[in-house]
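Input: a single structure, listed below in structure tokens.
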Amino acid sequence: MAIRYQHLVFLIIVLGGGASLLKSSGLIALQFGEFERNVGGASVLHCAVALLLGFSTAGWVSQRSNETLKLTMLALPFVLVTLDESSQALIATRQFSWLDLTLNITCLIIGIGFYRLLKVKQGE
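In terms of this note's numbering, the sequence shown is residues 637 to 760.
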């Protein structure tokens, strides 16, 4: 059974984006802060989500043949994490963090690279 990378990408975007929106709204800020601490901190959570998003996006892109579409699809997670982090500068209860943005972008790249490395090892 082939992995449905597009479903994984959608799930990560919905869960990650939804969590960010809920935290920004203040509805679950305390609970989410506790969850972040339990998984090792906000940086660990940023890295985990970005790695999964990068890996699954690379898998989704590899199933396409149109080069322009591939580039657009690869750019999407970079745009989303940049918009998410940048929007925090406009929300009173949140703050923009260069560290978080750098972690997100770096881990997206690592996730994409890890997918490519696995494919090379598999001979594809």
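Beta carbons: idealized from backbone N, C-alpha and C, even for Gly. Just so you know, these numbers come straight off a predicted model, no measurement behind them.
C-beta contact flag for residue i and residue j at 9 Å
| i | j | result |
| --- | --- | --- |
| Thr-729 | Gly-653 | no |
| Leu-666 | Pro-713 | no |
| Leu-688 | Leu-644 | yes |
| Gly-690 | Gly-749 | yes |
For residue i, three-class secondary structure by DSSP
| i | result |
| --- | --- |
| Ala-728 | coil |
| Arg-700 | coil |
| Ile-741 | helix |
| Met-637 | Here Met-637 scores only 43 on pLDDT, less than 50, and its place in the model is too uncertain to base an answer on. |
| Ser-692 | helix |
| Ser-733 | coil |
Whole-Å CB distance - residue i paired with residue j, under 8 Å assumed
| i | j | result |
| --- | --- | --- |
| Val-717 | Ala-686 | 7 Å |
| Leu-681 | Glu-672 | 5 Å |
Contact test: residue i Cβ vs the ligand HEM heavy atom, cutoff 8 Å
| i | result |
| --- | --- |
| Gly-759 | This structure does not include the ligand HEM; it has no bound ligands of any sort. |
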